[in-house]
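Q: Position 91, counted from 1, in the sequence shown is what full-length UniProt numbering calls 91; the numbers after and before it change by one each time, with no gaps.
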Amino acid sequence: MSARSEWSVSAPRTLEFTEPVRALNVRTAGGTVNVVGTSDGGPPRLEVSEIDGEPLTVSYDGGTLTVAYEDLPWKGFLKFFDRTAWRRRAVVSVTVPADTRVEVGVVGASAVVSGISGRTDLRGVSGGCTLVGLTGAVRADTVSGAVEAQGVTGELRFHTVSGDLTVIDGGGAGVRADSVSGDMTLDLDRIATEADIQLTTVSGEIAIRLPDPADAHVSVNTTTGSVANAFDDLRVSGWGPRQITGTLGAGGGTLRASTISGGLALLRRPAFEDTGKKVL
1 MSARSEWSVS
11 APRTLEFTEP
21 VRALNVRTAG
31 GTVNVVGTSD
41 GGPPRLEVSE
51 IDGEPLTVSY
61 DGGTLTVAYE
71 DLPWKGFLKF
81 FDRTAWRRRA
91 VVSVTVPADT
101 RVEVGVVGAS
111 AVVSGISGRT
121 DLRGVSGGCT
131 LVGLTGAVRA
141 DTVSGAVEAQ
151 GVTGELRFHT
161 VSGDLTVIDG
171 GGAGVRADSV
181 SGDMTLDLDR
191 IATEADIQLT
201 TVSGEIAIRL
211 PDPADAHVSV
221 NTTTGSVANA
231 FDDLRVSGWG
241 PRQITGTLGA
251 GGGTLRASTI
261 SGGLALLRRP
271 AFEDTGKKVL
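What follows is the structure, given as structure tokens:
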């Protein structure tokens, strides 16, 4: 394979790459994108299993693999509202080394990114996105698409207008998320030492389930929404605007959350119970 190679894909096709892939850029409309990071040493692989409408352009240039519609630029991607692009559909699966730098942009499509230890950037105009087992830094920006993060241990930054954020088994060094109306649900299996969690929304609901024991300084508030608190060490105060403050454990981490009209809940994960059973 030469330093620069390019293909036009208008029908189902599979490509394997003998040269190393250090960066991946995918920009599609409609359908599904699935990116998998592996450490088995196998060659990077692209499979387009379904495609309707305009052909996809696939290019390899100096370690960067790009799979995209040419009229979907990465710059200004979230402002793309050309409805003609929504009449396209492609089902794309890419396997790359785990440490690859990944950029995925989708319009009216779903995306799944798993097993990546390099940095991941996700942009979506609509459509759900799932992030699984990512250990590198993650940034997700959507207009209305929901994002679900499972077992993500890298720093997570999320920005949306109306999309929801759900974090399952989270335990990274930090989460920073802001939205206008999207809900935020975080289920944390641990809070890393000196973790920094900051959540802000205008009208969305915020629910956070913390491990027991937890280690964080807590300051969360809502202007007109309801509050619920499952921790005796935290104090609920205020008659109009309500806030929950206090310190859990040694207070090594920081948890801040704010919503204007949405409800706010701090929940407790069940404490680990030693049943005395032996594992054979």
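Built from N, CA and C at the ideal position, the CB exists for glycine as well.
#1: Helix, strand or coil for Arg190 per DSSP?
#2: Assess contact between the segment 125-137 and the segment 48-56, defined as three or more Cβ pairs (one per stretch) separated by less than 8 Å. Is contact present?
#3: Over what stretch of residues does the beta strand (DSSP E) that includes Pro97 continue unbroken?
#4: Report the residue from Ala111, Asp215, Thr153 and Thr14 whose alpha carbon sits nearest the alpha carbon of residue 283.
#5: Within the chosen definition, does the segment 88-95 reach the segment 150-170 through at least 3 CB pairs nearer than 8 Å?
#6: I need the straight-line Cα distance from Ala23 to Pro55, nearest angstrom please.
#7: Return the Cβ separation of Gly204 and Leu188 in integer angstroms, given the expectation that the two are a contact with Cβ distance under 8 Å.
#8: For Phe77, name the three-state secondary structure that DSSP assigns.
#9: Counting only the same chain and skipping the five closest in sequence on each side, list residues whose C-beta sits under 8 Å from that of Asp233.
#10: Consult DSSP for Phe17 and reduce its assignment to one of helix, strand or coil.
#11: If you drop the 5 nearest sequence neighbours on each side, which residues of the same chain put their C-beta closer than 6 Å to that of Arg209?
A: Taking the structure as given:
#1: coil
#2: no
#3: Arg89 to Pro97
#4: Residue numbering for the chain in the displayed model covers 1 to 280; residue 283 lies beyond these limits and cannot be assessed.
#5: no
#6: 22 Å
#7: Between Leu188 and Gly204 the Cβ distance is about 18 Å, and since that is not below 8 Å, they are no contact.
#8: helix
#9: Gly246, Thr247 and Leu248
#10: coil
#11: Asp187, Leu267 and Arg269
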